[in-house]
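Residue numbers (numbering that gives the first Met the number 0): 0 to 69.
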Amino acid sequence: MREEGCRTKVQPACCEDRAACDELSGMPIAMAYVPWQKWRALYEVEKGFHCGTIFEELNKPFRGIGGCSR
Numbered sequence: 000m001r002e003e004g005c006r007t008k009v010q011p012a013c014c015e016d017r018a019a020c021d022e023l024s025g026m027p028i029a030m031a032y033v034p035w036q037k038w039r040a041l042y043e044v045e046k047g048f049h050c051g052t053i054f055e056e057l058n059k060p061f062r063g064i065g066g067c068s069r
């Protein structure tokens, strides 16, 4: 028999009232700090289009695996 893992159980109230199932409703709103992007280490136009960014330090390709990139 398969283990269900971390799946949450659907409550009957969720089917009728989705607001009753909002697990984040009691959480405070977060305040984010986003630093200004520094204009350094820029890619050439063609490489920027290929990478999806002109900033070398923002070139973080999606590899489809979890964890830290090494």
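Positions of the beta carbon are idealized from the N, C-alpha and C atoms, including for glycine. All figures in this text were calculated on a predicted structure; none of them were measured in a lab.
> Rounded to a whole number of angstroms, what is the C-alpha to C-alpha distance between Trp38 and Phe54?
Replying inline: Here residue 38 is taken as the residue at index 39 of the sequence shown, counted from 1. Here residue 54 is taken as the residue at index 55 of the sequence shown, counted from 1. About 8 angstroms.
> Taking the alpha carbon of Asn58 as the point to measure from, which residue in Cys50, Ile64, Met30 has its own alpha carbon closest?
Replying inline: Residue mapping note: residue 58 aligns to position 59 of the sequence shown, counting from 1. Proximity to Asn58 across Cys50, Ile64, Met30 peaks at Cys50, based on C-alpha coordinates.
> When the distance is taken between beta carbons, is Ala31 closer than 7 angstroms to Glu56?
Replying inline: Locating residue 56 in the sequence shown gives position 57, where the first residue counts as 1. Locating residue 31 in the sequence shown gives position 32, where the first residue counts as 1. No, they are not a contact pair.
> Straight-line CA distance for Val33 to Val44?
Replying inline: Counting from one through the sequence shown, the residue named residue 33 turns up at place 34. Counting from one through the sequence shown, the residue named residue 44 turns up at place 45. Here the alpha carbons of Val44 and Val33 stand approximately 25 angstroms from one another.
> According to DSSP, is Phe61 helix, strand or coil?
Replying inline: Counting from 1 along the sequence shown, the entry for residue 61 is found at position 62. Phe61: coil per DSSP, three-state reduction.
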